[in-house]
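Report on the structure given below.
Numbering (the numbering used here), first residue to last: 4 to 203.
As structure tokens, then:
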């Protein structure tokens, strides 16, 4: 298993897409899974009880409250993370039994901040951290057209800086180049991982 992590607009989805289409990987997108879980009444009720100012668990409505401060983010994560992790464990078993994919990838922004890195290290999984200058990431996020610069900066302020995350990662990709450069970095890392697996 490989976890792909990094701040907003660092290139996690692009890297996951490369793993999926070039290396026959199954991708578990933690953000998408969290949004699906919010459609479940049990989860949405907990969120609405925790944040009385919310009238719905629509992402656009929630982001205004959740990304206000770290305390609100922690409260939401305490509800969502156990449910997402439970879904992840079920999916690992299911995909493993199907035996159709050569890799299992987890695309998740908070592998390091949320403490999941301990599970990765203990289970022999790997963590790839994608980094880019903040100015590049802001530019990328703005180009998506669904967030204002103020919203992007608010989200960045709640995430650890790249330098804080580096010590927890097994591999680091400085993702400021071309798509082909990112593909080459991923291919190189996979070769390294295969070599490591041979000797373990």
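For glycine and all other residues, C-beta sits at the position ideal for the given N, C-alpha and C.
The structure presented is a predicted model; accordingly, all values stated were derived computationally and were not measured.
Buried or exposed: where does residue i fall if 16 or more other Cβ atoms within 10 Å of its Cβ makes it buried?
{"i": "residue 182", "result": "exposed"}
{"i": "residue 178", "result": "buried"}
{"i": "residue 127", "result": "exposed"}
Given residue i, which residues of its chain have a CB within under 6 Å of its CB, disregarding the five upstream and five downstream residues?
{"i": "residue 54", "result": "68"}
{"i": "residue 23", "result": "30"}
{"i": "residue 47", "result": "41 and 60"}
So residue i and residue j are supposed to be a Cβ contact under 8 Å. How far apart are they, rounded?
{"i": "residue 131", "j": "residue 172", "result": "7 Å"}
{"i": "residue 116", "j": "residue 162", "result": "7 Å"}
{"i": "residue 110", "j": "residue 33", "result": "6 Å"}
Less than 8 Å separating the beta-carbons of residue i and residue j?
{"i": "residue 139", "j": "residue 175", "result": "no"}
{"i": "residue 86", "j": "residue 8", "result": "no"}
{"i": "residue 91", "j": "residue 50", "result": "no"}
{"i": "residue 129", "j": "residue 196", "result": "yes"}
{"i": "residue 165", "j": "residue 14", "result": "no"}
Looking at the unbroken alpha helix (DSSP H) that takes in residue i, where does it start and where does it end?
{"i": "residue 177", "result": "No alpha helix (DSSP H) contains residue 177, which is instead part of the beta strand (DSSP E) from 174 to 177."}
{"i": "residue 39", "result": "33 to 40"}
{"i": "residue 191", "result": "182 to 202"}
{"i": "residue 70", "result": "From DSSP, residue 70 is part of no alpha helix (DSSP H); its letter is neither H nor E."}
Between which two residues does the beta strand (DSSP E) carrying residue i extend?
{"i": "residue 8", "result": "5 to 8"}
{"i": "residue 128", "result": "Where residue 128 is concerned, there is no enclosing beta strand (DSSP E), given that its DSSP letter is neither H nor E."}
{"i": "residue 57", "result": "Segment: none, residue 57 is in no beta strand (DSSP E) and carries neither H nor E."}
Which same chain residues end up closer than 8 Å to residue i when comparing Cβ atoms and leaving out the 5 residues on each side of it in sequence?
{"i": "residue 98", "result": "29, 104 and 107"}
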